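Numbered according to this note's numbering, the sequence shown spans residues 992 to 1048. Since the structure comes first, as structure tokens, the remarks are kept for the end.
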Amino acid sequence: MRVLITGGNCGLGLQLVKVFHENGHIVYPLVRTEAALTQLKKQKKMFCIMYKHIKKR
992 MRVLITGGNC
1002 GLGLQLVKVF
1012 HENGHIVYPL
1022 VRTEAALTQL
1032 KKQKKMFCIM
1042 YKHIKKR
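Right, here's the structure in full:
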């Protein structure tokens, strides 16, 4: 199964990432900062997606 998890670097989102990843699922965690992205990649060695909100002018 493929799973997309928002807030995948902390709290409930991180726990869901761990559970799905440990059970062999393909996990795509969404994070907001590059620091969170780097930290999660080091922990789980998986593909991560960084979300960046751009405000309209």
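Where a beta carbon is used, it is the ideal one built from N, C-alpha and C, also for glycine. Quantities reported herein were computed from a predicted structural model and do not represent experimental measurements.
Limits of the unbroken alpha helix (DSSP H) element including residue i
i, result
"Lys1009", "1002-1013"
Any non-hydrogen atom of the ligand PLP closer than 7 Å to residue i Cβ
i, result
"Tyr1019", "Judged by which ligands are present, the structure shown has none, so any question about the ligand PLP falls away."
Residue i classed as buried or exposed, judged by whether at least 16 other C-beta atoms fall within 10 angstroms
i, result
"Gly999", "buried"
"Ala1027", "buried"
"Val1010", "exposed"
"Leu995", "exposed"
Limits of the beta strand (DSSP E) - the one that residue i falls within
i, result
"Thr997", "993-997"
Cβ-Cβ distance between residue i and residue j below 8 Å
i, j, result
"Met992", "His1016", "yes"
Nearest to residue i (by Cα), restricted to the options the options
i, options, result
"Thr997", "Leu1021, Leu1007, Asn1014", "Leu1021"
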